[in-house]
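Asks:
In this note's numbering, the protein residues as written are 202 to 851.
1) Taking buried to mean at least 16 other C-beta atoms within 10 Å of its own C-beta, is residue 202 buried or exposed?
2) Could you give the residue range of the alpha helix (DSSP H) that holds residue 784?
3) Straight-line CA distance for residue 256 to residue 275?
4) Between the C-alpha atoms of residue 352 and residue 448, what's the straight-line distance to the nearest angstrom?
5) Would you kindly report the start and end of the unbroken beta strand (DSSP E) that includes residue 401?
6) Report yes if the CB atom of residue 744 is closer than 7 angstroms to the CB atom of residue 778, and no otherwise.
7) Judging by CA-CA distance, which residue of 740, 471, 520 and 356 is the nearest neighbour of residue 454?
8) Let me see if you follow: with CB-CB separation under 7 angstroms, is residue 450 close to chain C or not?
9) Can you grab the Cα-Cα spacing for the pair residue 211 / residue 325, in whole Å?
10) Counting pairs of beta carbons, one from the region 435-449 and one from the region 411-421, are three or more of them closer than 8 angstroms?
11) Per DSSP, residue 387 is paired with what?
12) Considering only their Cβ atoms, is the gap separating residue 767 from residue 497 smaller than 7 angstroms?
13) Along the chain, which unbroken stretches of the beta strand (DSSP E) at least 3 residues long are found entirely within the region 493-559?
14) Do residue 713 and residue 738 have their beta-carbon atoms positioned less than 7 angstroms apart in this structure?
15) Report the rounded CA-to-CA distance for residue 503 versus residue 692, giving the unit in angstroms.
16) So what does residue 382 bridge to, in DSSP terms?
17) Return the chain-ordered list of same chain residues with a C-beta closer than 6 angstroms to the C-beta of residue 428, the five sequence neighbours on each side being excluded.
18) Measure the alpha-carbon distance for residue 645 versus residue 723 and round it to whole angstroms.
19) Tell me whether residue 371 sits in a helix, a strand or coil according to DSSP, three-state version.
20) Have a look at the DSSP bridge pairing and note the partners of residue 452.
21) With DSSP as the reference, please indicate the residues paired to residue 617 in a beta bridge.
22) Report all residues from its chain with a CB closer than 6 angstroms to the CB of residue 349; omit the five preceding and five following residues, and keep chain order.
23) By Cβ distance below 6 angstroms, which residues in the same chain neighbour residue 631 in space, the five residues on each side in sequence not counted?
24) Run through DSSP, which three-state label would residue 433 get?
25) Could you check how far apart the C-beta atoms of residue 479 and residue 551 are, in whole angstroms? I think they sit under 8 angstroms.
26) Specify the secondary structure class of residue 213 as computed by DSSP and reduced to three states.
27) Could you compute how far the alpha carbon of residue 756 sits from the alpha carbon of residue 499?
28) If you reduce the DSSP assignment to three classes, tell me which class residue 442 lands in.
29) Going by C-alpha distance, which of 374, 221 and 318 is nearest residue 331?
30) Looking at the strands, I want to know which residues DSSP matches up with residue 361.
31) Which residues does DSSP pair with residue 418 in a beta bridge?
32) Please confirm if the region 576-586 is in contact with the region 483-494, defined as three or more CB-CB distances below 8 angstroms between the two stretches.
33) Bridge partners of residue 338, per DSSP?
34) Which residue from 371, 717, 541 and 459 puts its Cα closest to that of residue 818?
35) Do you know whose CA, among 446, 284 and 272, lies nearest residue 229's CA?
36) Taking C-alpha atoms, which residue in 815, 727, 339 and 299 lies nearest to residue 252?
Have a look at this one:
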């Protein structure tokens, strides 16, 4: 029998102390969602809970130690992930306050901003907003329309929303609680545009009324996240003092002269945004947390819920004994485990880069941005699909709010589009793999920049994950691609995903070069014509790096029984990933038809072997029953006793 506590210890990883603190300190029904609340009740409850979050949970750990933090960005991301198990409104509210608003002040401001505001931000005495997104330019931050014009005569900026499409929209904390906002706007000084910069702007006075020139709207009801007070902000020539520019990367002198430690406008812009990558990493982690909750509920229910009798037997069959049910839940569990190890590696990389600060290698920063974009897309899409699967797996019970799944569906749905639309993010991943694009711009930007010519793309970049030597050794040991290699050979699995990634990326390069030869004066068309191929490239890349992270996690596991179980789960992830794209592998002769059929047979064999461990795999997540908060689980012991009596009678 495999010890679920040993499995938990492997999953808890580098920031295990944060996970333990969350389980201990948040094991209280006050922190779990309340179905049927009104929007005002939900907002009031979440705001109250925000101030009760214990300090050792790590939600403010990323702030400098001089102000009471511990400068531990990894701990802050893991704390957000743990909140994602409990109440996603609380997780998002905390993320807005300490991750986005506080993180921007900390990362983009200088010592005078820190001294004036960070302590009050940490204590939530000063509630704030992160006002980047505009109604007409959601993901296109580079082209925001809000302006902030410096006037040397007054020594102040004039902040203005020129039209309705430029209003700040979907802004957390804006509708009810925020008193200040970090506003992203086009900086103009001495008649020259200097690109997007961040300004700290009061939006409410001490009585809660909008400041002069500030218009505050309320987004009111959304599909989910009722506890988050999203709103709209517009500015009608609002005066902003010069010292409220968050000027770590761009300064304006009294006479209007602009200076920056980073001369290149594009590099400066992406350096500023790169410091805020923690929000994107947190969203991916929290969506995976919600997925774990859904899977735990569905797997535990599937062990006690029975449907139909096996021929020749009076005993009804448990849902989890059906292969179709295993295809739903065990395959999703395997990918959830894989993404967990991918997230763990990403958080560690983010932490090390942010702690290194200016000393971090530019290559590491680029890789972090790309990996964060890709994993966020993979995790949030997986959450959307898996939570729906779990809802269906629980039948009518899954449709009841008291069983948590409808709330998880509603709350996670927006995760696929905030902190970056997933389709846009996958394009960023693909561009990060093209050396021509990477060298030309130094970081990630929008497709179709006219300064770039497609034939500048020279080659692809195959970035290894942390376990570089291990992965290379396994791949090199594969004797060939033929049918004689075992489907469970780890090197073969790795090689299949690596080979697919190389092939599709090389195909993108060839298509870009052909486009450059015939459409050199139409750069948008060059890239738009290959967009489908670009998205395929990014997906292939993320599948590969996630598998590599899973393999590295298994290698670190010391308990032999846990290691063996994780190895089978990894086999299931790798083979179902190949199976899901068997059309590509067949078309490109990486699989023969016989081998393709063998993959499906191997998957089914793995499902049968893992069936006895389904409960262990979800127990390894170590989620307190208080967090699950599902009526069908509270009825679990009674249902098991009833079924046992029924079986005895039969």
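Note that the Cβ used here is the ideal one computed from N, Cα and C, for glycine as well.
Note that the structure is predicted; figures quoted are calculated from it, not measured.
Replies: According to the structure shown:
1) Working through the chain shown from its first residue, we reach residue 202 at position 1. Within 10 angstroms of the beta-carbon of residue 202 lie fewer than 16 other beta-carbons, which makes it exposed.
2) In the chain shown, residue 784 corresponds to position 583, counting from 1. Segment 783-788, the alpha helix (DSSP H) holding residue 784.
3) Taking the chain shown and counting its residues from 1, the one referred to as residue 256 is at position 55. Taking the chain shown and counting its residues from 1, the one referred to as residue 275 is at position 74. Taking the straight line from one Cα to the other gives about 15 angstroms.
4) In the chain shown, residue 352 corresponds to position 151, counting from 1. In the chain shown, residue 448 corresponds to position 247, counting from 1. Using only the alpha carbons, I get a separation of about 17 angstroms.
5) Your numbering for residue 401 matches position 200 in the chain shown. Counted as a single uninterrupted DSSP element, the beta strand (DSSP E) harbouring residue 401 occupies residues 393-403.
6) As a first step, residue 744 is located in the chain shown; it is residue number 543 there, counting from the start. As a first step, residue 778 is located in the chain shown; it is residue number 577 there, counting from the start. Here residue 744 is near residue 778, since their CB atoms are less than 7 angstroms apart.
7) Here the question's residue 454 lines up with position 253 in the chain shown. Looking from the CA of residue 454, the closest CA among 740, 471, 520 and 356 belongs to 356.
8) Of the protein chains in the structure, only one exists, and it is not chain C.
9) Here the question's residue 211 lines up with position 10 in the chain shown. Here the question's residue 325 lines up with position 124 in the chain shown. One C-alpha to the other measures close to 34 angstroms.
10) As far as the Cβ criterion goes, the region 435-449 touches the region 411-421, which means the pair count is three or higher.
11) Looking up residue 387 in the chain shown gives position 186. Under DSSP, residue 387 forms a beta bridge with 348 and 397.
12) For the purposes of this step, residue 497 is taken as the residue at position 296 of the chain shown. For the purposes of this step, residue 767 is taken as the residue at position 566 of the chain shown. No, they are not a contact pair.
13) Runs of the beta strand (DSSP E) lying entirely within the region 493-559, each at least 3 residues long, are 507-510 and 517-519 in chain order.
14) Residue mapping note: residue 738 aligns to position 537 of the chain shown, counting from 1. Residue mapping note: residue 713 aligns to position 512 of the chain shown, counting from 1. If you check the CB distance, residue 738 and residue 713 do not come in under 7 angstroms.
15) By 1-based counting over the chain shown, the position of residue 503 is 302. By 1-based counting over the chain shown, the position of residue 692 is 491. Distance between the alpha carbons of residue 503 and residue 692: 34 angstroms.
16) Looking up residue 382 in the chain shown gives position 181. Per DSSP, 330 and 402.
17) Stepping through the chain shown from its first residue, residue 428 is reached at position 227. Answer for residue 428: 243, 244, 247 and 290, listed in chain order.
18) As a first step, residue 645 must be located in the chain shown, where it is residue number 444. As a first step, residue 723 must be located in the chain shown, where it is residue number 522. Its pLDDT being 41, under 50, residue 645 is placed unreliably by the model, and nothing is read from it.
19) Walking along the chain shown from the start, residue 371 turns up at place 170. Collapsing the DSSP output to three states places residue 371 in a strand.
20) Taking the chain shown and counting its residues from 1, the one referred to as residue 452 is at position 251. Paired residues: 460.
21) Stepping through the chain shown from its first residue, residue 617 is reached at position 416. Per DSSP, residue 617 has no beta bridge partner at all.
22) Position 148 of the chain shown holds residue 349. Once the five neighbours on either side are set aside, the close Cβ partners of residue 349 are 358, 360, 386, 388 and 400.
23) Within the chain shown, the letter at position 430 stands for residue 631. If you ignore the 5 residues before and after residue 631, its C-beta comes within less than 6 angstroms of the C-beta of 735, 738 and 739, all in its own chain and listed in chain order.
24) Reading the chain shown from its first residue, position 232 is the one you call residue 433. In the structure shown, residue 433 sits in a strand (DSSP, three-state: E or B).
25) The count along the chain shown starts at 1 and reaches residue 479 at position 278. The count along the chain shown starts at 1 and reaches residue 551 at position 350. Contact holds; Cβ gap of about 7 angstroms.
26) As a first step, residue 213 is located in the chain shown; it is residue number 12 there, counting from the start. In the three-state scheme derived from DSSP, where H, G and I count as helix and E and B as strand, residue 213 is classed as helix.
27) Locating residue 756 in the chain shown gives position 555, counting from the first residue. Locating residue 499 in the chain shown gives position 298, counting from the first residue. Rounded to the nearest whole angstrom, the CA to CA distance from residue 756 to residue 499 is 29 angstroms.
28) Position 241 of the chain shown holds residue 442. Residue 442: strand per DSSP, three-state reduction.
29) Stepping through the chain shown from its first residue, residue 331 is reached at position 130. Minimum Cα distance to residue 331 is reached at 374.
30) Locating residue 361 in the chain shown gives position 160, where the first residue counts as 1. Looking at the DSSP output, residue 361 sits in a beta bridge with 348.
31) Position 217 of the chain shown, counted from the start, is the residue given in the question as residue 418. Residue 418 is bridged to 433.
32) As far as the Cβ criterion goes, the region 576-586 touches the region 483-494, which means the pair count is three or higher.
33) The residue you call residue 338 lines up with position 137 of the chain shown. Residue 338 pairs with 335.
34) Taking the chain shown and counting its residues from 1, one reaches residue 818 at position 617. When the alpha-carbon of residue 818 is set against those of 371, 717, 541 and 459, the nearest one is in 541.
35) The count along the chain shown starts at 1 and reaches residue 229 at position 28. Per the Cα distances, 284.
36) As a first step, residue 252 must be located in the chain shown, where it is residue number 51. It is 299.
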